[in-house]
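Chains as they are written, first to last, in the numbering used here: chain B, 1 to 464; chain E, 465 to 568.
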């Protein structure tokens with residue numbers, strides 16, 4: 001019976017996964033997508049558990065109970081600001097599962113492993129291992145346990161590529177002879193090391209690309225496991241996850257006008273940071289009260305959030321400000337750059353958490369045409385994504401990156417902790433414009449003050 | 465073996481293109497939930513881990529399989545839960561008078 005039922009259950013599960021992603025394309029159907037994915041997963045797990053090869057359920061039961069015990073708090077209690085590190089951690093877990101299964105398969109069947117299976121098995125453990133350590137480092141950086149600044153040393157690219165090369169050469173030897181002594185542990189060791197080397201050189205602003213890439217690697221590793229175990233369901237689910245990660249990393253790279261090679265091999269900005277000019281140029285500083293006046297007098301305001309908003313956990317205050325302005329008849333929109341924050345969609349989730357309706361959120365293509373008609377742009381903790389040097393200065397490291405063209409607005413207020421340059425280490429000419437005013441301080445605190453000041457101002461009677 | 469390899473490669477190729485087509489339709493608004501959902505879905509590798517952990521063949525295979533089951537279960541449970549938690553927060557300004565409001 002299980003002979004025909006199991007493939008059928010797997011087939012339905014694969015269909016559920018496809019529908020799940022299909023429905024995720026719109027916020028109104030997205031939750032249905034999650035339900036469908038859960039159904040597919042339940043079906044596949046149930047069908048596997050009644051599988052005839054399973055004779056011992058004790059260790060499975062313990063593992064599942066432990067997994068649920070950790071998964072429930074990770075799913076329900078992690079705050080939205082910590083979603084990037086949770087995501088990185090889950091890539092590490094997924095890749096760990098694929099790697100361990102690969103290791104067990106190798107030692108169970110060696111040396112009678114066909115060369116095609118060995119290729120898939122080799123790729124599974126290489127991609128899996130490097131994703132485990134890479135994602136752990138990424139999670140550590142995002143959580144602030146590991147230093148966020150890129151760690152760069154001389155000859156880094158040569159070292160990194162050699163380590164990856166060693167892993168692949170030993171995979172090649174194993175394909176020729178799966179009995180090659182020590183080759184398999186060396187493949188794993190080199191891949192684990194490569195994962196560390198790959199991510200320690202990545203700085204915070206490049207995290208969206210790297211997290212996406214690790215997502216893709218974890219998926220591909222699961223897909224390779226499908227080849228090893230002859231499971232079409234695994235091949236499909238892994239390929240879906242893999243293409244998702246790759247599409248997202250392409251989107252992120254395009255949003256920075258950079259190539260994969262440039263993100264992964266180029267130590268970005270650190271040199272310029274050290275050599276940066278020390279000239280002190282005057283900026284126009286403004287206080288919360290003046291900001292409140294300026295915003296109150298505006299008819300249209302665009303808020304540009306960046307990582308600084310997430311770091312200061314200012315999203316709720318930003319939402320209060322937006323509400324206060326709307327009550328006063330000001331049109332408020334949010335402009336979201338694809339690489340603002342530490343992972344794809346980071347700003348959208350934070351603003352949704354703060355209860356900002358998603359129809360007030362505009363992406364790059366839909367907001368850039370509106371800046372010339374905008375009275376005030378409020379930049380909250382964003383820097384490189386609004387830097388005009390990306391359009392005007394061919395020598396700038398961020399030249400060519402599509403930016404939010406906030407300079408076209410009538411006035412700009414920049415909420416910033418200090419005059420420190422952004423991740424790319426380049427000065428931002430925007431801050432020195434005559435129509436730009438700097439509101440220095442912690443984003444959460446100063447925006448709270450602006451909201452308070454605003455509440456003291458009399459509400460204008462709308463001109464009818 | 466070569467027969468199933470060919471089928472597998474075909475399925476891999478088609479699923480990759482399907483994935484590309486599906487993912488490019490997901491708006492930037494939902495990229496974070498997308499990542500946590502695909503992460504939960506790819507924890508389908510639990511299927512391989514279950515067979516390994518339950519095969520009763522060798523102790524090391526049972527142990528490695530059980531750890532893999534643990535890691536996958538964590539991803540499945542937390543991935544689906546947090547995706548739904550995030551999606552619950554996305555709402556429009558006006559429910560637009562649709563039959564299913566869903567917003568709070």
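Where a beta carbon is used, it is the ideal one built from N, C-alpha and C, also for glycine.
query	result
Inter-residue Cα distance where the pair is residue 285 of chain B and residue 399 of chain B	27 Å
Residue nearest to residue 136 of chain B in terms of C-alpha spacing, selected from B:154, B:91, B:160, B:127	B:91
Sequence-distant residues of the same chain with beta carbon closer than 7 Å to residue 129 of chain B, five excluded per side	99, 188, 191, 192, 195
Secondary structure of residue 401 of chain B, DSSP reduced to three states	coil
Residue closest to residue 445 of chain B, alpha-carbon to alpha-carbon, out of B:83, B:115, B:416	B:416
Distance between beta carbons of residue 336 of chain B and residue 361 of chain B, contact taken as under 8 Å	6 Å
Beta-carbon proximity of residue 532 of chain E to residue 59 of chain B, cut-off 8 Å	no
Closer than 8 Å to chain B by CB, residue 521 of chain E	yes
Contact list for residue 122 of chain B against chain E, beta-carbon separation under 9 Å	Ordered by position in chain E, no residue passes the 9 Å Cβ test against residue 122 of chain B, which lies about 15 Å from the chain.
Residue 225 of chain B at chain E interface by Cβ criterion, 8 Å	yes
Amino acids of chain B, ordered along the chain, whose beta-carbon sits closer than 8 Å to that of residue 557 of chain E	357, 359, 360
Cβ-heavy atom distance, residue 237 of chain B to the ligand SAM, below 7 Å	As for the ligand SAM, it is missing from this structure, which has no ligand bound.
Distance between residue 402 of chain B and residue 257 of chain B (C-alpha atoms, nearest Å)	7 Å
Any C-beta of chain E under 8 Å from that of residue 38 of chain B	yes
Sheet register partners of residue 552 of chain E (DSSP bridge)	In the DSSP output, where bridge partners are listed per residue, residue 552 of chain E has none listed.
Euclidean distance between Cα positions of residue 328 of chain B and residue 459 of chain B	6 Å
Contact with chain E by residue 215 of chain B, beta-carbon distance below 8 Å	yes
Buried/exposed call for residue 298 of chain B, threshold 16 Cβ in 10 Å	buried
Cβ of residue 204 of chain B within 8 Å of any chain E Cβ	no
Check whether residue 47 of chain B and residue 9 of chain B have beta carbons under 8 Å apart	yes
Any C-beta of chain E under 8 Å from that of residue 307 of chain B	no
Residue-chain proximity (residue 4 of chain B, chain E), Cβ-Cβ < 8 Å	no
Alpha-carbon spacing of residue 542 of chain E relative to residue 145 of chain B, whole angstroms	22 Å
Neighbour list for residue 353 of chain B in chain E, Cβ cutoff strictly below 9 Å	550, 553
Selected residue, minimal CA-CA separation from residue 202 of chain B, among B:314, B:263, B:97	B:263
Cβ-Cβ distance between residue 174 of chain B and residue 118 of chain B below 8 Å	yes
Spatial neighbours of residue 310 of chain B in its chain, beta-carbon cut-off 8 Å, leaving aside the 5 residues before and after	81, 341, 342, 346, 347, 350, 381
Where residue 306 of chain B falls, given that 16 or more other Cβ within 10 Å makes a residue buried	buried
Residue 245 of chain B versus B:255, B:209, B:259, residue with shortest Cα-Cα distance	B:209
Through-space distance from residue 371 of chain B to residue 214 of chain B, alpha-carbon basis	35 Å
Burial state of residue 507 of chain E, where buried means 16 or more other Cβ atoms lie within 10 Å	buried
Cβ contact (3+ pairs, closer than 8 Å) linking the region 496-511 of chain E and the region 225-242 of chain B	yes
Close Cβ partners of residue 442 of chain B (< 7 Å) along its chain, the five nearest in sequence each way excluded	312, 417
Expected contact under 8 Å - CB spacing of residue 544 of chain E and residue 38 of chain B to nearest Å	5 Å
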